[in-house]
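Protein chains in written order, with numbering that gives the first Met the number 0: chain A, 0 to 236; chain B, 0 to 342.
The C-beta atom is built at its ideal place from N, Cα and C for all residues, glycine as well.
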Amino acid sequence: MGFNGIDGDVNVPGMIPWEVIVAYFVVAIAVAVVIGKKTGGLKAFTTLDLVYIGIGAAFSVVWEFYIGGFLNKFVPSGLTLFINFGFLGRLLIVFIVAALVRKFGTGMITLAAFDILGDLFHYGFGGEPIFLIYEALTYGLFIDIAIALLGGKFLGVGSKTQTVALVLGIVEGAIIGLLWAIPDPIFYDAFFRPFLYGAVVSWAKVIFTIEAFIPGDVIMGAIAGIIANRIQRAVAV
Amino acid sequence: MMSVINITYENGTSITLINNIPHIPYFASTVISWVVFLFGVAVPLAILLLAIGIRGFIEITRFEKHNTFYYNINAVTKIILLIGVTIAAAITVWWFSAILTIILLASYLTLKNGFRKLILVLYLTLTFIIGITQGFAPYTPYSVLQLAYHTNTFNAIWEWPSYFSFMGYQPYLTLQGLEYGVQISFRFIPATLSGLILILTTTPSEILGTFSRIKVPLAFVFSLIIALRTIPRIFEVFDTVVKLQFMRGLGSTKPKVFYPMYFLYAGIYAVVPTMVYLFRGAKNTAIAADTRAFRAKETITYLNDLTFTKEDIVIVTLVMAILIISGILIALGLGRGIPYTGY
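As structure tokens, this is what we get:
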């Protein structure tokens, strides 16, 4: 039965060996700690940054549980693999927060806050702390690494001309969108789902899901890059 | 007339479907299948969402001051209730979760404007049941249903066009498939209902106190509290922006019957203004917090002590009883009967 709804199954045929997953998360935590220490950790965040993160997490909850989740029901179910309103909306909102704050850790804190709020409003802490660690150190960390690499110019913010901002927003957004297509099939379907619930792993489905996610996530990443840039300018005046 | 459909798989196993499918001409049946596929769930969901309304969402996501049972319990106890109910719903047979759902729903009557809140969460519960059932019923393989119901015989109630299998549909919709979907929905509903009780009856500062007492970093807890306070505000601002568009004459010359479409249109156009408005308002919140010396010190002080009253003891005892009953049910073979593998 395991702990808190976690079966702890590591012998499901086809699942990624737990050593690989542990290695990933050890490296991810190390990256988060090392870069985080350099950039000042939580102390680097001003009160305003924390408010932005809170509002972003609130939007994610409203979108995922009250709007996007239901919009998915209006799309033929097979197509939600390609156009998942709930997920793509969250991508846009996290991009907006990241563009407003542009500090290492924004992605991880936003995803962690969203995760806890999701538990309060819908899921009820079952399977935790797995989801908290998983989402913060995959989706959140990808955004944060992009912020660390690009500095304050994330998604073309602060570019001299609008054209440059547009191009950078599209390109950077699309790349992060591509990265966001990976965790769910690889980490969740091929490891955490069997680990938590003993689910069967089908690599044909994992590969298909990645292929199905990529176009939607890349396109939405590019669009979200532009929107996040625009909203950042509208808010930061 | 009732007939029987036999399906034999390559590995030699076979299942029997008792044919309860109504006799409808092929063309009509195809049209109905497509309508069900495209709009079948959307329509009841849309009706329910309209019935809740934007104001309704504000009411079921916002703390309101009151002085009944739940309001006198501290946040820690309510989190214990949430976790206990979630665990019980996840590990026991579906009908135990259904009983918990009914009890939790009934307890909404004790809240401020209890009857109205009960109606609203009832709508919300129905949307979850319909949505989740639709997500599982047509797709669940018969082999999974065999494991769930320990039978090889199912009641077919609808036949999908054969090409629906490309979208992951099983050839026939079965009564057992529908039951399976409904049962899975009860894994989430008790958790959602007890989570909303926490949110509706606890002030954000109480939650802040609880999290910071268990040493969650203050910066992170502050973001969480901002989020909790912002969720009802989002619906409020969204409602205002939608209404402003109607005040400016959106769809005013068109027949009333088109109102839902204009509402949807106004809703889509309200997303960005709502975001920009709330994000711009963030500065005021930040200034307000800073002028009260927020984060000037490493730790915070508490205005109210964490006290355990009689009501808290009642809830903790109830949670323990729920977990003991869950243990007994599992021992009786009434544990997680369906091979549910994550959502």
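Per-residue contacts from residue i into chain B (C-beta, under 8 Å)
i                 : result
Leu136 of chain A : Chain B residues near Leu136 of chain A: none, gap ~15 Å exceeds 8 Å.
Ala22 of chain A  : Going along chain B, no residue has its Cβ under 8 Å from Ala22 of chain A, so there is no contact; the nearest lies around 23 Å.
Ala112 of chain A : Phe219, Ser222, Leu223 and Ala226
Boundaries of the alpha helix (DSSP H) in which residue i is found, first to last residue
i                 : result
Asn283 of chain B : Tyr258 to Thr290
Phe153 of chain B : Run containing Phe153 of chain B: none in the alpha helix (DSSP H); it sits in the beta strand (DSSP E), Thr152 to Glu158.
Ile181 of chain A : Run containing Ile181 of chain A: none; DSSP gives neither H nor E here.
Gly85 of chain A  : Phe84 to Val100
Asp8 of chain A   : It is not in any alpha helix (DSSP H) - Asp8 of chain A carries neither H nor E in the DSSP assignment.
Ser211 of chain B : Pro203 to Arg212
Leu258 of chain A : Look at the range of chain A in this structure, 0 to 236, and you will see that residue 258 of chain A is not part of it.
Ser142 of chain B : Tyr141 to Tyr148
Asp276 of chain A : Within the shown structure, residues of chain A are numbered from 0 to 236, placing residue 276 of chain A beyond reach of any answer.
Val25 of chain A  : Trp17 to Thr38
Ile132 of chain A : Ile129 to Glu134
Nearest-angstrom beta carbon gap, residue j and residue i [assumed within contact, 8 Å]
i                 : j                 : result
Phe153 of chain B : Thr173 of chain B : 4 Å
Ala97 of chain A  : Ile146 of chain A : 6 Å
Thr100 of chain B : Ile188 of chain B : 5 Å
Ala308 of chain A : Leu140 of chain A : Nothing can be reported for residue 308 of chain A: it is not among the residues displayed for chain A, which extend from 0 to 236.
Ala87 of chain B  : Leu322 of chain B : 6 Å
Gly167 of chain B : Tyr138 of chain B : 5 Å
Val315 of chain B : Thr76 of chain B  : 6 Å
Ser193 of chain B : Val120 of chain B : Not a contact, Cβ separation roughly 11 Å.
Ala227 of chain A : Ile95 of chain A  : 5 Å
Extent of the continuous beta strand (DSSP E) to which residue i belongs
i                : result
Asn18 of chain B : Ser13 to Asn18
Thr7 of chain B  : Ser2 to Thr7
Chain A contact for residue i (CB, 8 Å cutoff)
i                 : result
Ile279 of chain B : Note on residue identity: the sequence assigns Arg, not Ile, to residue 279 of chain B. Cβ-Cβ to chain A under 8 Å: yes for Arg279 of chain B.
Thr252 of chain B : no
Pro216 of chain B : yes
Ala190 of chain B : yes
Asp289 of chain B : yes
Ala74 of chain B  : no
Phe187 of chain B : yes
Phe293 of chain B : yes
Trp93 of chain B  : no
Gly194 of chain B : yes
Phe245 of chain B : no
Residue i at chain B interface by Cβ criterion, 8 Å
i                 : result
Ile230 of chain A : yes
Leu47 of chain A  : yes
Ile209 of chain A : no
Ala189 of chain A : no
Ile95 of chain A  : yes
Phe44 of chain A  : yes
Leu99 of chain A  : yes
Val200 of chain A : no
Which of helix, strand or coil DSSP assigns to residue i
i                 : result
Gly334 of chain B : strand
Tyr171 of chain B : strand
Thr91 of chain B  : strand
Ala189 of chain A : helix
Leu110 of chain B : coil
Val200 of chain A : coil
Val34 of chain B  : helix
Val220 of chain B : helix
Ala57 of chain A  : helix
Phe245 of chain B : helix
Gly83 of chain B  : helix
Ile226 of chain A : helix
Ile59 of chain B  : coil
Under 7 Å from the C-beta of residue i: neighbouring residues of chain A
i                 : result
Thr229 of chain B : Gly53, Ile54 and Ala57
Ile233 of chain B : Ala57, Phe58 and Val61
Lys282 of chain B : Leu47
Partner residues on chain A for residue i, Cβ-Cβ distance less than 8 Å
i                 : result
Ile198 of chain B : Leu119 and Phe120
Phe62 of chain B  : Those do not exist, as Phe62 of chain B stays about 13 Å from chain A at its closest Cβ, beyond 8 Å.
Short CB-CB distance (under 8 Å) between residue i and chain C
i                : result
Phe84 of chain A : Given the protein chain composition of this structure (A and B), no chain C is represented.
Closer than 9 Å at the beta carbon, the chain A residues around residue i
i                : result
Leu56 of chain B : In the sequence as presented, Leu is not what sits at residue 56 of chain B; that position holds Phe. Residues of chain A passing the Cβ test: Val61 and Tyr65.
Proximal residues of chain B, C-beta to C-beta of residue i below 7 Å
i                 : result
Ile108 of chain A : Phe219 and Ser222
Ala233 of chain A : Val275
Val50 of chain A  : Ile225, Ala281, Thr284 and Ala285
Per-residue contacts from residue i into chain B (C-beta, under 9 Å)
i                 : result
Leu116 of chain A : Leu223, Ala226, Leu227 and Ile230
Leu41 of chain A  : Pro216, Leu217, Ala218 and Phe219
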